[in-house]
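For reference, each letter of the sequence shown is one residue, going 1 to 219 in UniProt numbering. Glycine is no exception: its CB is placed at the ideal position from the N, C-alpha and C atoms. Take a look at the structure below.
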Amino acid sequence: MRRRAARKKAQRKLDEQLGIVVALLEEENQSRCGSRESCGPNVDRHRHSWGKNLLEEYFIPHSLYSDVHFRVRYRMQPHLFNKVMHDICNYDEYFVQKKNCAGNLGLLPEKKFTAVIRMLAYRSSADQVDEVTRMGKSTILESLVRFCDAVETLYTRDYLRRPMPRDLQRLLQKAESRGFPGMIGSIDCMHSDRTRTKFRLEFGSNPVRVRHLANVGHK
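And the structure:
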């Protein structure tokens, strides 16, 4: 099992690297074509102005959009986003904004994390994310790969492990405080006499009586 998991992980890494290489080659070809008179000009993404807009919309005090909008669009609260961004920036300097050899500032970490979250939360392609973040395809894909690697390294021990007895006890105490003693966190519906009812509800034939048998707190 361990060898199989290791092979799958190695294959996934190889696929990710190949995807980034293909994206880099595509961007290089577009850049070379844009420098020729017979081809169209290179695309100026205005990444710095778009980065400033992103900060003003979500990441500064009294931003354009509220925390409610942030929660809907990023699928998490702002404080959680900032914590994850801080942890990963400390782990991988790739996400930290730096100057290049010409003295120009690189991409904001908020932009890279926004690109990653949009891909994970909405299953967006790199081309779709480019419209929102004004980032190249290869940069978006590399940000995604590095983000996933960092999350796996930083949070596996605490959040991606198997449940422990203390986790079960915490869930039971939380459920009991809400008036549901013995419930782990969900209502386990039995599979007796509800298939036809579900079919009728989905297809518009509403029965007179709907009976659900729930196993709540049973040992």
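Need the endpoints of the alpha helix (DSSP H) that residue i sits in, please.
| i | result |
| --- | --- |
| R71 | D67 to Y74 |
| L120 | P109 to Y122 |
| F81 | P78 to Y91 |
| H48 | R47 to L54 |
| V132 | A126 to T133 |
State yes or no: is the C-beta of residue i within less than 8 angstroms of the C-beta of residue j?
| i | j | result |
| --- | --- | --- |
| V129 | A115 | yes |
| L55 | E110 | yes |
| I117 | Y74 | yes |
| K99 | L107 | no |
| K137 | A126 | yes |
| P61 | F70 | no |
For the putative contact between residue i and residue j, defined by C-beta atoms under 8 angstroms, what is the C-beta separation to the nearest angstrom?
| i | j | result |
| --- | --- | --- |
| S63 | E57 | 6 angstroms |
| C89 | F95 | 5 angstroms |
| A175 | M183 | 4 angstroms |
Looking only at its own chain, which residues have a Cβ that is under 6 angstroms from the Cβ of residue i, when we skip the five neighbours before and after it?
| i | result |
| --- | --- |
| T156 | none |
| M135 | A115 |
Measuring only from the beta carbon, is residue i closer than 7 angstroms to any heavy atom that is part of the ligand HEM?
| i | result |
| --- | --- |
| Y65 | As presented, the structure is devoid of all ligands, the ligand HEM included, so that no description of it is given. |
Using C-beta distances below 8 angstroms, list every residue in its chain close to residue i, excluding the 5 sequence neighbours before and after it, in chain order.
| i | result |
| --- | --- |
| T153 | Y91 |
| M85 | F95, P109, E110 and F113 |
Excluding the 5 residues flanking residue i on each side, which residues of the same chain have their C-beta closer than 7 angstroms to its C-beta?
| i | result |
| --- | --- |
| S143 | K112, A115 and V116 |
Item checked: Secondary structure, alpha helix (DSSP H): runs of 4+ residues fully inside the segment 139-181 -> 165-177
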